[in-house]
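Numbering (our numbering), first residue to last: 41 to 196.
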């Protein structure tokens, strides 16, 4: 059974000076696991994400945030645009729900981290040579705002 580190209860706060220095501020990275279908096709249930806490967020970025009404629940969504009072976030799977169309703008302080990369573990049905080669080519991918899905969401 694979183990993924727990998301910290308290996310380290950054000073304005640290935010301005970017990577030099030694912003913490962590690995988290995706559960649920709200970000399909970009992310699937069981994918692992490398996230960076305190990273600047731009429209189109995939982010980790505290659910506005249930703050012990962390969710992964795409930051579509900055609005008065915070970020408008959407899931890439428009049929799954659970995004700003349900709970409105997410306050900036609830947006905790930016997703930097996605790792898709090998599944049991990928045991053939062809399956393993296909997995090896696509298992680790950066998650970027420049992807076509991001552009499509920003256009809405």
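Even glycine gets a Cβ: it sits at the ideal position worked out from N, Cα and C.
(message) Contact between the segment 153-165 and the segment 132-143 is defined here as three or more beta-carbon pairs at a separation below 8 Å; is this criterion met?
(response) no
(request) Consult DSSP for residue 174 and reduce its assignment to one of helix, strand or coil. (result) helix
(request) Grab the span of the beta strand (DSSP E) containing residue 92 for me, first residue to last. (result) 88-93
(request) Counting only runs of 3+ residues fully inside the segment 110-167, write out the beta strand (DSSP E) ranges in chain order. (result) 114-123, 126-130 and 151-159
(request) Evaluate residue 164 with the Cβ neighbour count: other Cβ atoms within 10 Å of its Cβ, from every protein chain shown; 16 or more gives buried, anything less gives exposed. (result) exposed
(message) Does the beta-carbon of residue 175, which I'm using as the reference point, lie nearer than 6 Å to any heavy atom of the ligand PLP?
(response) Although the ligand PLP was asked about, the structure shown includes no ligands whatsoever.
(message) Are the CB atoms of residue 70 and residue 91 within a distance shorter than 7 Å?
(response) yes
(request) Report yes if the CB atom of residue 101 is closer than 7 Å to the CB atom of residue 176, and no otherwise. (result) no
(message) Whether or not the segment 76-95 and the segment 107-122 are in contact is what I'm after, with contact meaning three or more pairs of Cβ atoms, one per stretch, closer than 8 Å; do they touch?
(response) yes
(message) With a threshold of 8 Å on Cβ separation, who are the neighbours of residue 113 within its own chain once the five nearest residues in sequence on each side are excluded?
(response) 106 and 107
(message) Tell me the rounded alpha-carbon separation between residue 162 and residue 88.
(response) 11 Å
(request) Report the residue from 75, 127, 169 and 99 whose alpha carbon sits nearest the alpha carbon of residue 141. (result) 127
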